[in-house]
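Numbering (my numbering), first residue to last: 10 to 365.
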Amino acid sequence: MSLYALTRPLLNFISPEQGHTLAIKGMKRGLSPRFMERDDPILATRLWGLEFPNPIGLAAGFDKNAEVVDPALDLGFGFVEAGTVTPRPQPGNPKPRLFRLEEDRGVINRFGFNSEGLGPFVSRLKARRDAGRGGIVGANVGKNKESTDAIEDYVTGVEATCAVADYLVCNISSPNTPGLRSLQARDDMSALLTQVLAARDKAFPQALGRLPLLVKVAPDLDDGALADVAQVALETGVDGIIMGNTTLSRPDSLKSAHKGETGGLSGAPLMTLATDRLAMLYRLLNGRLPLIGAGGVASGQDAYLKIRAGASLVQLYSALVFHGPDLVVRIKKDLAARLKADGFSHVSEAVGADMR
């Protein structure tokens, strides 16, 4: 039995947010495990000119302030996405705002982009880059709750982070910042992406290479809204899409007493919905734009389903709460075995396999 399995019952005596805070502190002090085994070559992925050792990434939300990027990479992730970071510091929503749905292997949060702001975030990423640290790191940017000009906030975030990250993400899909999801509407999304892409190109000249900029959308979008997202993405030239964020929906299968809490639901109950929306987006784009599949991944089979539905890369976060830090290693081994069993020689061959 793993150390995590032995100690996990202790989490019942502290709040979920306290547990998360302790995890961050422990990782900063070098108390998290390091899994340095070389990944199976079948998992290596080249995308946007970046060489991913494997397609399994840590989703934004765990390391909001870029405090534990390197310890997270040491867990075996192929890439880590820090954030969401807002231009100015803000406390987020009142506590309690994080709830574990034990019976459902799910989580509900209403954090509301609690953030230390761009200053500390950029400083930490710059320090690791100056130190020559390896690994692929993304910066996920958002808007402050009280901002009246959302686009200005995203432009500020992109300008500040483009020199310290390997890719950028505009998060317009969190349900916990009022009005944020309206940016997914066709005209608003087009205006936003046009301006942030221009800001990226100005701050990161093409002579330095192409810095990928992605947009993160919600799994609650219907087919019509997804069609708009796909068209705007192609028209503006954004480099990829992350599907998806947490959901406001509540499956009838939920058993936890916390199922009625306000906020976004993640974890196992999100897997079916998020994968369905991923597949629809892949069909709409006809494979013309790379997708990252997030939402509900807790096993090699889950990751494989995302990939076969159209994801070039996969992200997880909530499952770590229930399965521990060695989950990443187990997912990679199982995913490699499944790819080989189905006759694939490389993970890229399986992308969208169920859509063909």
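Backbone N, C-alpha and C define an ideal beta-carbon position, used for all residues, glycine too.
Item checked: Residues of its chain near residue 142, where Cβ-Cβ distance is below 7 Å and the 5 sequence neighbours each way are ignored -> To locate residue 142, count along the sequence shown from 1; it is residue 133. Hits under 7 Å: 79.
Notebook entry, point to check: Looking only at its own chain, which residues have a Cβ that is under 7 Å from the Cβ of residue 197, when we skip the five neighbours before and after it?
Noted result: Counted from its first residue, the sequence shown places residue 197 at position 188. Answer for residue 197: 191, listed in chain order.
Next item on the list: Grab me the residues of residue 35's own chain with a C-beta within less than 8 Å of its C-beta, minus the 5 sequence neighbours each way, in chain order.
Entry: If you number the sequence shown from 1, residue 35 lands on position 26. Setting aside the 5 residues that flank it on each side, residue 35 is surrounded in the same chain by 41, each with a C-beta closer than 8 Å to its C-beta; the list follows chain order.
Next item on the list: Could you tell me how far apart the beta carbons of residue 177 and residue 209 are, in whole angstroms, since I believe they sit closer than 8 Å?
Entry: On the sequence shown, residue 177 is found 168 positions in, with the first residue counted as 1. On the sequence shown, residue 209 is found 200 positions in, with the first residue counted as 1. With a contact defined as Cβ atoms closer than 8 Å, residue 177 and residue 209 qualify at about 7 Å.
Notebook entry, point to check: If you run the structure through DSSP and keep just helix, strand and coil, what is residue 111?
Noted result: Within the sequence shown, numbered from 1, the residue matching residue 111 stands at position 102. Note: residue 111 maps to helix in three-state DSSP.
Notebook entry, point to check: With respect to the beta strand (DSSP E) encompassing residue 47, which residues constitute its N-terminal and C-terminal limits?
Noted result: The residue given as residue 47 occupies position 38 in the sequence shown. Here residue 47 belongs to no beta strand (DSSP E), and DSSP marks it neither H nor E.
Check: What is the residue span of the beta strand (DSSP E) that residue 122 lies within?
Finding: The residue given as residue 122 occupies position 113 in the sequence shown. First-last for residue 122: undefined, no H or E at that position.
Note to self: Shorter than 7 Å, the distance from the beta carbon of residue 32 to the closest heavy atom of the ligand ZN, or not?
What the structure shows: Absent from the structure shown: the ligand ZN. Ligands present: none.
Check: In three-state DSSP terms, what is residue 176?
Finding: For the purposes of this step, residue 176 is identified with residue 167 of the sequence shown, where counting begins at 1. Taken through DSSP and simplified to helix, strand or coil, residue 176 comes out as strand.
Check: In chain order, which continuous runs of the alpha helix (DSSP H) of length 4 or greater are located wholly inside the segment 256 to 329?
Finding: 280 to 294 and 309 to 317
Next item on the list: From the DSSP output, read off the bridge partner residues of residue 252.
Entry: If you number the sequence shown from 1, residue 252 lands on position 243. DSSP output for residue 252 lists 226 and 302 as bridge partner(s).
Item checked: 8 Å contact criterion, which residue 337 and residue 84 should meet: CB distance rounded -> Here the question's residue 337 lines up with position 328 in the sequence shown. Here the question's residue 84 lines up with position 75 in the sequence shown. Indeed they touch by this definition, with Cβ atoms about 5 Å apart.
Notebook entry, point to check: Taking the C-alpha atoms as reference points, what is the distance between residue 227 and residue 311?
Noted result: On the sequence shown, position 218 is the one that residue 227 refers to. On the sequence shown, position 302 is the one that residue 311 refers to. Residue 227 and residue 311: Cα-Cα distance of roughly 19 Å.
Margin query: If contacts are defined as beta-carbon pairs under 8 Å, then residue 253 and residue 286 qualify, I think. What distance do you get, rounded to the angstrom?
Written below: In the sequence shown, residue 253 corresponds to position 244, counting from 1. In the sequence shown, residue 286 corresponds to position 277, counting from 1. Indeed, because the Cβ distance is near 6 Å, the residues count as touching under 8 Å.
Checklist line | Reference residue 304, options 182, 244, 212 and 98, closest by Cα | finding: By 1-based counting over the sequence shown, the position of residue 304 is 295. If we check each option's Cα against that of residue 304, 182 comes out closest.
Next item on the list: Find the nearest neighbour of residue 309 within the set 322, 297, 298 and 300, judged by alpha-carbon distance.
Entry: Here residue 309 corresponds to residue number 300 of the sequence shown, with the count starting at 1. Closest option to residue 309, judged by alpha-carbon separation, among 322, 297, 298 and 300: 322.
Note to self: Since residue 53 and residue 62 should fall inside the 8 Å C-beta cutoff, what is the C-beta to C-beta distance between them, to a whole number of angstroms?
What the structure shows: On the sequence shown, position 44 is the one that residue 53 refers to. On the sequence shown, position 53 is the one that residue 62 refers to. The pair is a contact, with the Cβ atoms about 6 Å apart (cut-off 8 Å).
Checklist line | Identified DSSP bridge partners for residue 92 | finding: As a working note, residue 92 is residue 83 in the sequence shown. Paired residues: 149.
Check: Does the segment 118 to 131 come within contact of the segment 96 to 106, defined as at least 3 CB pairs closer than 8 Å?
Finding: yes
Notebook entry, point to check: When the Cα atoms are used, what is the spatial distance from residue 107 to residue 55?
Noted result: Translated into positions along the sequence shown, residue 107 becomes position 98. Translated into positions along the sequence shown, residue 55 becomes position 46. The straight-line gap from Cα to Cα measures roughly 35 Å.
Next item on the list: Write down the C-beta distance between residue 150 and residue 180 rounded to the nearest angstrom, noting that I regard them as a contact closer than 8 Å.
Entry: Residue 150 sits at position 141 when you count from the first residue of the sequence shown. Residue 180 sits at position 171 when you count from the first residue of the sequence shown. So it is a contact: roughly 7 Å between Cβ atoms.
Next item on the list: Compute the Euclidean distance between the alpha carbons of residue 164 and residue 345, then round it to the nearest angstrom.
Entry: Along the sequence shown, one-based indexing puts residue 164 at 155. Along the sequence shown, one-based indexing puts residue 345 at 336. One C-alpha to the other measures close to 39 Å.
Next item on the list: For residue 54, write down the residues that DSSP places opposite it in a beta bridge.
Entry: Here the question's residue 54 lines up with position 45 in the sequence shown. Paired residues: 61.
Check: Is residue 324 near residue 340, with beta carbons less than 8 Å apart?
Finding: Taking the sequence shown and counting its residues from 1, one reaches residue 324 at position 315. Taking the sequence shown and counting its residues from 1, one reaches residue 340 at position 331. No, Cβ-Cβ distance for residue 324 and residue 340 is not below 8 Å.
Next item on the list: Quick one: using the 10 Å Cβ neighbour count with 16 as the cut-off for buried, is residue 280 buried or exposed?
Entry: Locating residue 280 in the sequence shown gives position 271, where the first residue counts as 1. With 16 or more Cβ atoms within 10 Å of its Cβ, residue 280 is classed as buried.
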